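**Student:** Okay, handing you the structure first.
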Ligand SMILES: Cc1cc2nc3c(=O)[nH]c(=O)nc-3n(C[C@H](O)[C@H](O)[C@H](O)COP(=O)(O)OP(=O)(O)OC[C@H]3O[C@@H](n4cnc5c(N)ncnc54)[C@H](O)[C@@H]3O)c2cc1C
Ligand code: HEM
Ligand code: HEM
Ligand code: SF4
Ligand code: F3S
Ligand code: FES
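Protein chains in written order, with the working numbering: chain A, -16 to 235; chain B, 931 to 1154; chain C, 389 to 1025.
The structure is reproduced here in structure tokens:
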């Protein structure tokens, strides 16, 4: 099949960008979306043009590096699928496809479709860990954890930190990502010790990094390639309530 | 408390709590207003005004609640605008709604309406000739029923109210379920139920409120 | 030269303790004066950087991704082994040790493997304490599964995303240290050279992938944790950016490269669908627990699956290995698949594929049970192929997956260059000629959390902190060399793309240095690779500039190294006149086609020393001595 692409091109952070038209010819339905772009790029290089820069690494839907908004939807039209796992059989001959980078103030564009997501790392660094030293920890089976809790923790831990939730959110909020990290640890006894501090620090850092606030648009869940649920945002909110409860004694 | 008011989640919770207070108010208000259909509005109003303490406490609470709600919701919205640096060439929404994306505008309409409404029925300066304070009923009570019915017999007044009620309904369509999510008083199982109830409640409130101008406008309730 | 692995003496079980007693310590107050460079932040690198940071050293960590948590370890699906024996099914440290040695076809260092089995238990404890949500049973205790090549259940897992969860755990520990200021992180940075001063590793040269600037970093020791090199085959299950560059450039500066020919080809990957294919996707090995592998009995049988009657199907693994059946180890399963396809019985358009059939299991257990066990894998399969594996068998084919070879290190994980330590998949140390499933994650974390923190101190305690700075002339030389390499790549302006060269190299490697190798084939490779390399340096086209984000340039540098490294692999494979583990030489097989080892002549590690661009590398041997296990013929019949 043949497709018309409009791809965001931007030389660097400080230069303005624009949509540029490209043709993708002889696209096989078995190609992944990124392989389609590879083929377009090979053609561009052969004609001595600059290829389209885009982020990717594992191409298995797990590293969370790939990041493209396809026809207005982060990671494209197929549900629960990263761009690298999106295959061209989801498109038809003659389709026009708009490809843009994540857009959010906290994720400045570095080049073309590549954005700087280090703001996410800052959120983690502000408290997304259990403060445990290597060694000197109890036996792994010393504290049983109810299966349901472990499962919920794992549901949340599946987040690949891709940033699609931010890209989809009309407020550029990182609430789904942050909520996933908070829930992952809050469900486990190991994470409970620092839970109060963690939720305050991480939500504060989210704001400092220039992400917006959540106003429950739920676009994030729809875009999330791992199906992270907005119910984790409610969980974050509960954790916050516990943390700032002025009536509770320490230790409660 | 400091951190609460600076925090993203904390401020959002204040908006939600104040929102829920206001919902409570407008539920009570619509019930009170409905007494007009049974000719009991004047008695209801008189009863209320005979309890000045209750009225003033409510007024103080409500003014605070509205101020907090408006202040933080505007602040949050401005921040959100700043975080979103422009839109996509093609934009496609999957889960958000017209209502959720326009809270600030429906809110602004409600705010404007509220000013109008207070001038209209509380300070009674919009149609001074209908003012309840100027017209007593047979029992010597301020004739609120007369004021309301006369006002809504004017097409323009009714339309203003109906339009405002559309804004209110949209605001609540998103707002009710949203406030539960914000306060974290939901879970995956209750969420669909809360969402549905929120929509139903906003429709009921909408119908309850517009019933008054609509019925009056249609000439089904004429007063004396 | 005969190399010494410096294993401690004494009884196997006491070696590590004994070594820890011998190792020197660095005084706590002095630790922050030492700067350690950690290249790579996958499991090995992140765990090392976090732990060393915790101890108080001053760490600088580098990775080419935009975040440490995207390191390739994230892709590991199946699980991580440990000798906890929670299911009480007869596991022990010794058994894990033995299984690992045996699986490696007796080509690994006893003492290392035993230590790995010993610390495996600490790893699980550590990860749980960090908040890794391992699978649990209804009583709330940790759950285990069994994995190819083992008869006990010792694999801990977190759904199909074990690597992800372990890496997120290590990354969270790292993040804590970044916040504490002990670790400084340099993401989107690619190490392009190592700086050796007076025969000791004292720094690295890095290209900032965003600005393109070539920068120097000095340190008192360098840890390379840069992962494996399976991408030399072009198509592999590794991430697109996985490379040999860091290890290879250290090799060119004098570090020995050990056993480069040991590569693991994973049996269950989705077959190639066309020329556009950029990478291969692994389907977890656990599928072999319930899927049956078969091909049509007849050659060139193109009938649809439902039209092939039961008696015209060849369940070749069950036929050849009745006791292990579909769970035969990776190398054996992979090679068997290749054999049947070579016979012309492969399935699919390319004839390079075999069926993995769940029909029997679905009938026996019901579709729901299968969905519960493998739902996400079936989904992934459908996303990629558009086929529903509940209705028709999966198509699978082997793909390059893991590389046991790597930079040579001694028992302390130090290479032959003092101050250069190598961890994780980048070193050669623990897996011999074939890695046991679920042991790579274990090794990466063992190296990073529990071994390097002890052994590096021994080196540091003997060095003066901060005595070499980036002002040293060696840094200048290195920088110039890298800058001129970049200029050269950009100036060729030929007419073939980098990817094309990589693709062609991959074909050569797969055809001649792949699943089975022969003298003739290897010699062909040794002719073809230099020719392709020569063409590369004449005819490659790299667009763009050096001082900007330039993904073509990044690729070009990596492919340039693969083009040299491929030759080293072929040479090593040619020298090893035996079949062992992942290295199968057609000349050395028994009558029924099984690999035949030659313990007499090849019970050694082959460590290669670079001797300049125009000379053949020199091989050094480290003899392997087995004091505790008997060298058995590895049989899974
Ligand atoms: C698909 C797949 C599934 C697997 N499943 C399992 C499993 O179930 N169980 C198991 O035990 N093992 C499994 N493995 C193997 C295991 O995942 C790896 O061997 C292991 O994670 C390697 O870890 P590492 O830390 O050594 O290297 P990696 O995780 O590969 O990390 C390499 C790091 O080095 C950095 N780097 C590389 N080159 C440079 C450079 N030039 N400059 C700067 N930085 C650089 C990268 O940025 C990265 O941070 C699997 C492997 C694959 C491919
Ligand atoms: C007076 C003018 C008003 C303005 C300007 C206003 C504005 C807003 C805005 C912008 C929001 C979204 C805030 C966010 O999610 O970031 C909001 C939420 C809300 N508003 Fe209002 N509003 C007004 C009046 C009202 C009234 C009268 C009610 C109830 C009767 C109400 C109920 C709610 C509720 C329930 C929410 C949801 C809170 C949440 O999402 O957690 N608002 N308002
Ligand atoms: C058709 C719709 C409505 C009618 C007929 C109506 C009627 C009235 C009347 C008659 C009063 C004066 C009561 C008195 O002073 O004795 C009043 C007051 C008020 N109404 Fe409404 N109202 C309507 C809708 C609303 C809505 C939607 C809101 C809020 C969003 C609202 C908020 C108020 C407030 C805040 C007061 C002032 C209460 C006080 O004096 O303390 N009204 N309304
Ligand atoms: S929550 Fe979903 S969309 Fe957001 S970063 Fe995580 S995986 Fe990506
Ligand atoms: S879309 Fe945005 S507003 Fe909240 S629910 Fe999701 S973060
Ligand atoms: S490239 Fe790793 S998730 Fe897409």
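Heads up, the beta-carbon is just placed ideally off N, CA and C, and yes, glycines get one too.
These numbers were taken from a predicted model, which means no experiment stands behind them.
List the residues of chain A that residue 468 (chain C) touches, going by C-beta distances under 8 angstroms, in chain order.
**Tutor:** Within chain A, no residue comes near residue 468 (chain C); the closest Cβ sits about 12 angstroms away, beyond 8 angstroms.
**Student:** Say the cut is 8 angstroms; is the CB of residue 17 (chain A) nearer than that to a heavy atom of ligand 6?
**Tutor:** Yes, Cβ of residue 17 (chain A) sits closer than 8 angstroms to a heavy atom of ligand 6.
**Student:** What residues of chain A sit near residue 667 (chain C), judged by a beta carbon separation below 7 angstroms?
**Tutor:** 42
**Student:** Could you tell me the distance, in whole angstroms, from the CA atom of residue 948 (chain C) to the CA atom of residue 575 (chain C)?
**Tutor:** When rounded, the distance between both Cα atoms is 23 angstroms.
**Student:** Looking at ligand 2, does it come within less than 8 angstroms of residue 1003 (chain B), judged from the CB to the closest heavy atom?
**Tutor:** yes
**Student:** Starting from residue 94 (chain A), follow its DSSP beta bridges and name the residues at the other end.
**Tutor:** Residue pairing by DSSP places residue 94 (chain A) opposite A:97 in a beta bridge.
**Student:** Give the straight-line distance between the Cα atoms of residue 579 (chain C) and residue 448 (chain C), rounded to the nearest whole angstrom.
**Tutor:** Near 12 angstroms, if we compare the C-alpha coordinates of residue 448 (chain C) and residue 579 (chain C).
**Student:** If we cut at 9 angstroms on Cβ distances, does residue 1103 (chain B) have a partner in chain A?
**Tutor:** no
**Student:** Check whether the Cβ of residue 113 (chain A) lies closer than 9 angstroms to any Cβ atom in chain C.
**Tutor:** Yes, residue 113 (chain A) lies at the interface with chain C (some Cβ there is under 9 angstroms from its Cβ).
**Student:** Chain A beta carbons: is any one of them nearer than 9 angstroms to that of residue 1122 (chain B)?
**Tutor:** Among the CB atoms of chain A, none fall inside 9 angstroms of the CB of residue 1122 (chain B).
**Student:** Within 9 angstroms (strictly less), CB to CB, does residue 235 (chain A) reach chain B?
**Tutor:** Residue placement at residue 235 (chain A) is flagged as unreliable, the pLDDT there being 48, under the threshold of 50; the coordinate-derived value follows with that caveat. Closer than 9 angstroms: no.
**Student:** How about the stretch 939 to 955 of chain C and the stretch 798 to 814 of chain C: do they share at least three Cβ pairs that are nearer than 8 angstroms?
**Tutor:** no
**Student:** With DSSP run on the structure shown, which of helix, strand or coil describes residue 1008 (chain C)?
**Tutor:** Strand at residue 1008 (chain C).
**Student:** Taking only beta-carbon atoms, is residue 1024 (chain B) less than 9 angstroms away from chain A?
**Tutor:** yes
**Student:** Threshold first: 4 residues or longer. Then list the alpha helix (DSSP H) segments lying entirely within the stretch 138 to 194 of chain A, N to C.
**Tutor:** 147 to 151, 158 to 169, 172 to 175, 178 to 191
**Student:** Are the stretch 51 to 66 of chain A and the stretch 699 to 706 of chain C touching by the rule of at least three beta carbon pairs closer than 8 angstroms?
**Tutor:** no
**Student:** For residue 204 (chain A), return the contacting residues in chain B, with the cut-off set at a CB-CB distance below 7 angstroms.
**Tutor:** 1025
**Student:** Using DSSP with H/G/I as helix, E/B as strand and the rest coil, what is residue 1023 (chain B)?
**Tutor:** coil
**Student:** Under the criterion of a Cβ to heavy atom distance below 8 angstroms, does residue 578 (chain C) qualify as lining ligand 1?
**Tutor:** Within the cutoff, so yes.
**Student:** Comparing the CB of residue 518 (chain C) with every heavy atom of ligand 5, is any distance shorter than 8 angstroms?
**Tutor:** no
**Student:** Ordered along the chain, which non-local residues of its own chain (more than five positions away) have a Cβ less than 8 angstroms from that of residue 206 (chain A)?
**Tutor:** 56, 57, 58, 147, 148, 150, 151
**Student:** Tell me whether the beta-carbon of residue 170 (chain A) lies closer than 9 angstroms to the beta-carbon of residue 135 (chain A).
**Tutor:** In this structure, residue 170 (chain A) places its C-beta atom within 9 angstroms of the C-beta atom of residue 135 (chain A).
**Student:** Quick check on residue 46 (chain A): does DSSP put it in helix, strand or coil?
**Tutor:** The answer is coil: DSSP assigns residue 46 (chain A) none of H, G, I, E or B.
**Student:** Roughly how many angstroms separate the alpha carbons of residue 935 (chain C) and residue 599 (chain C), rounded to a whole number?
**Tutor:** 6 angstroms
**Student:** Given a limit of 7 angstroms on CB to CB distance, which residues of the stretch 65 to 88 of chain A reach chain B?
**Tutor:** 81, 83, 86, 87, 88
**Student:** Measure from the alpha carbon of residue 577 (chain C) to the alpha carbon of each residue in C:662, C:650, C:942, C:618, then state which is nearest.
**Tutor:** Closest option to residue 577 (chain C), Cα to Cα, is C:942.
**Student:** What first and last residue would you give for the alpha helix (DSSP H) that runs through residue 716 (chain C)?
**Tutor:** Careful: residue 716 (chain C) lies outside any alpha helix (DSSP H) and carries neither H nor E.
**Student:** Pull up the CB-CB distance for residue 596 (chain C) and residue 423 (chain C), whole angstroms please, since I reckon it's below 8 angstroms.
**Tutor:** Not really, about 19 angstroms apart at Cβ, beyond 8 angstroms.
**Student:** Cutting at 6 angstroms between CB atoms, please list the residues of its own chain near residue 891 (chain C), excluding the five before and the five after it.
**Tutor:** 622
**Student:** Just by C-beta distance, which residues in the stretch 1109 to 1138 of chain B are closer than 7 angstroms to chain A?
**Tutor:** Flagged, chain order: 1111, 1112, 1113, 1114, 1116, 1117, 1118, 1121.
**Student:** Going by Cα to Cα distance, which pick from C:957, C:516, C:500, C:676 is closest to residue 1013 (chain C)?
**Tutor:** C:500
**Student:** Straight-line CA distance for residue 474 (chain C) to residue 533 (chain C)?
**Tutor:** 11 angstroms
**Student:** To the nearest angstrom, report how far apart residue 235 (chain A) and residue 212 (chain A) are at their CA atoms.
**Tutor:** Low confidence applies here, because residue 235 (chain A) scores a pLDDT of 48, under 50, leaving its location unreliable; read the following figure in that light. Their backbone Cα atoms lie some 28 angstroms apart in a straight line.
**Student:** Does the stretch 1083 to 1098 of chain B come within contact of the stretch 179 to 196 of chain A, defined as at least 3 CB pairs closer than 8 angstroms?
**Tutor:** A contact is defined here as three or more CB-CB pairs under 8 angstroms, and the stretch 1083 to 1098 of chain B fails this definition with respect to the stretch 179 to 196 of chain A.
**Student:** Take every Cβ of the stretch 732 to 747 of chain C, pair it with every Cβ of the stretch 681 to 693 of chain C, and state whether three or more of those distances are shorter than 8 angstroms.
**Tutor:** Because the criterion of three Cβ pairs below 8 angstroms is met, the stretch 732 to 747 of chain C and the stretch 681 to 693 of chain C touch.
**Student:** Pull up the CB-CB distance for residue 768 (chain C) and residue 39 (chain A), whole angstroms please, since I reckon it's below 8 angstroms.
**Tutor:** About 17 angstroms separates the two Cβ atoms, so there is no contact after all.
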